[in-house]
Amino acid sequence: MTQYSIVKGVFDILPHSQGEEYGWRLSHLWSFVEEVVREVTRAYQFFEVRTPIFEREELFKRSVGEGSDIVTKEMYLLEDKGGRKLALRPEGTAPVMRAFIEKHLDQRAGVQKLFYIGPMFRYERPQSGRYRQHHQFGVESIGGPGPEHDAEVIDLLLELYRRLGLKDLRVQLNSVGDAETRNKYQVALKAFLKPNLENLSEESQARFQNNILRILDSKNKGDRALLEKAPLITDYLSESAKDHFEKVQRLLKGLGLPFNLDPHLVRGLDYYNHTVFEVTAGELGAQNAIGAGGRYDGLIAQLGGADLPAVGFATGLERIIQTMVGQGVALPEAPCPALFMIPLGEDAKERCLTIACRLRHSGIPVEIELTGRKLKSALQLGDQMRASFVAIIGENELAKGRIALKEMEARTEHELSFDDLQPFLIGQKS
Ligand code: HAM
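In our numbering, the protein residues as written are 430 to 859.
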């Protein structure tokens, strides 16, 4: 029979690991991270938005940028039966802005603070930390022009990492200024690079034409050497851009958040202005940011909405969980049953099901061995599942209405009536 295998560059998240290197694909770790995300967003008062995983292709062209790698090389495109050109979302900011404008969220008073968690799709060369479907948690704070909002989202991101126990975090910070800044800077960068155009990598030569700022982000060694002497965007900041950037830095210092200035940080999406930042964690190395974001004041107007400023970030859940595993962070245990019941015979099975369901209704995790395996192998299974208590229920127990609970760790026994099971197990939890 045909065996169907998973598509390249994507992965399953399962309750059991198929090997050491897949330890980060365990579903209980993902649930744990998602719960912490929800706790942190609640503390900072960000509220969830869920948008579809596909949008019109045009949305990403207009926002992420026609010349960006994401749009030119990485989008999963499809045409539906109505001839609409769609794209699986490669990122979350543009869809959230589309929903924000379309559903008139701008008419609500105050700054709108939104977050999302979900899969994103990019046709990239798969490697560790880089997948064709990845998951992002992102926030977008819309309507606040002040640097306090930049500092607030950066603090939220680092607080999430802190609560998850991540170490060795480095924040790289830059400002790509406003339109005035970038116009002046592009002229200066062009003048600097033009005499050396032939020495640039092929990719950077192409970017020279259509997206010159992205050359600053080149990983090519030759490009990097050349760029060392290039003019810095931070020397071209307009007065107001400089003021914004200095305030962000002051606020971050006030919050006790260390950062490094990196004047070459420009980010791969076109919508940014002013503050841009990336966070790396020791394990993943400098090439793979664990989270990144920035301010994008012009985007909403560019997509047909009101002229509102905004700032946000997204962080990859794969990269977070890989870093947690790599850094040896104390990870939550996989869920295990409080009670594992082994019925002997058909009557016992029926009785166990009634008891188990009643216990489950009061929130106690219970498992029953219903396949009729031999007692020895059933006990081994209880051990494997790390059940706190195991109970064997046969004719004797049914007749007496009493049960012997084996406490697996302490190797002791407790004899109880069926009715006392629930208060006993609840008492064990607290
Ligand atoms: P981004 O830097 O393209 O920004 O992606 C954000 C994060 O998603 C990255 O730092 C990384 O952790 C994760 N990531 C991206 N691509 C992959 C991949 N192929 N495999 C695994 N993880 C990946 C954005 O998407 C912006 N929308 C962020 C933002 C929100 N800016 C303002 N608001």
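Ideal Cβ placement from N, Cα and C applies to all residues, glycine included.
From a predicted model like this one, the values you see are computed outputs, not experimental measurements.
If you check the CB distance, ASP646 and GLY697 come in under 8 Å. C-alpha of GLY539 to C-alpha of HIS578: approximately 12 Å in a straight line. Contact annotation: GLN536 and PRO548 have beta-carbon atoms that are not nearer than 8 Å. The alpha-carbon of VAL708 is positioned some 28 Å away from that of LEU732. As for any alpha helix (DSSP H) of minimum length 4 sitting wholly inside the region 593 to 617, there is none. By the neighbour-count definition (other C-beta atoms within 10 Å, threshold 16), VAL695 is a buried residue. The beta-carbon distance between PHE818 and LYS835, rounded to whole angstroms, is 6 Å. This is short enough to meet the 8 Å contact definition.
Per the coordinates, the alpha-carbon of GLU844 lies some 21 Å from the alpha-carbon of LYS805. Beyond the five residues adjoining it in sequence on each side, VAL582 comes within less than 8 Å, by CB distance, of VAL568, SER570, GLY722, VAL740, GLY741, PHE742 in the same chain, given in chain order. Bounds of any beta strand (DSSP E) do not take in ARG787; it lies within the alpha helix (DSSP H) bounded by 775 to 790. Under a 10 Å Cβ-count criterion, ALA654 is classified as exposed, with fewer than 16 other Cβ atoms of the shown protein chains found around its own Cβ. DSSP lists GLY547, GLY745 as the beta-bridge partner residues of GLN565. In this structure, THR522 has its CB closer than 7 Å to one or more heavy atoms of the ligand HAM.
A heavy atom of the ligand HAM is found nearer than 7 Å to the CB of ARG551. Here HIS693 carries a coil assignment [DSSP, helix/strand/coil].
Exposure of ILE435 is indicated by the presence of fewer than 16 other C-beta atoms within 10 angstroms of its C-beta. In this chain, the beta strand (DSSP E) harbouring ARG831 covers 831 to 836.
For PHE742, the shortest C-beta to heavy atom distance toward the ligand HAM is below 7 Å. When Cβ pairs closer than 8 Å are counted between the two stretches, the region 461 to 471 is seen not to touch the region 518 to 537, the count staying below three.
Distance from the C-beta of GLY572 to the nearest heavy atom of the ligand HAM is not below 7 Å.
Distance from the CA atom of PHE550 to the CA atom of LYS514, rounded to whole angstroms, is 16 Å.
Under the three-state reduction of DSSP output, LYS676 falls in the helix class. Between PHE475 and PHE544 a beta carbon distance of about 4 Å is seen, short of the 8 Å cut, so the two are scored as contacting.
For the 8 Å CB-CB criterion, ASP607 and HIS457 do not form a contact.
In this structure, the straight-line span from the alpha carbon of GLU486 to that of PRO519 is close to 10 Å. Bounds of any alpha helix (DSSP H) do not take in MET814, whose DSSP letter is neither H nor E.
Inclusion of GLY722 in the 7 Å shell around the ligand HAM follows from its C-beta lying nearer than that to a non-hydrogen atom of the ligand.
Secondary structure at GLY856: helix, using DSSP grouped into helix, strand and coil. Taking C-beta separations shorter than 7 Å and ignoring five residues to either side along the sequence, the partners of ALA730 in its chain run ASP736, following chain order. In the structure shown, ARG527 adopts helical secondary structure according to DSSP, grouped into three states. By alpha-carbon distance to GLU775, the top candidate from ASN717, PHE529, ILE797 is ILE797.
Excluding residues up to 5 positions away in sequence, GLY651, LEU655 lie with their Cβ nearer than 8 Å to the Cβ of ASN628 in the same chain.
When the five nearest sequence neighbours on each side are left out, the beta carbons in the same chain lying within less than 6 Å of the beta carbon of GLU826 are those of ILE832, in order along the chain.
For ILE729, the enclosing alpha helix (DSSP H) has its first and last residue at 728 to 731. Each of ILE662, ARG591, LEU589 was checked against the Cα of ASN612, and the nearest Cα belongs to ILE662. In this chain, the beta strand (DSSP E) harbouring HIS703 covers 702 to 710.
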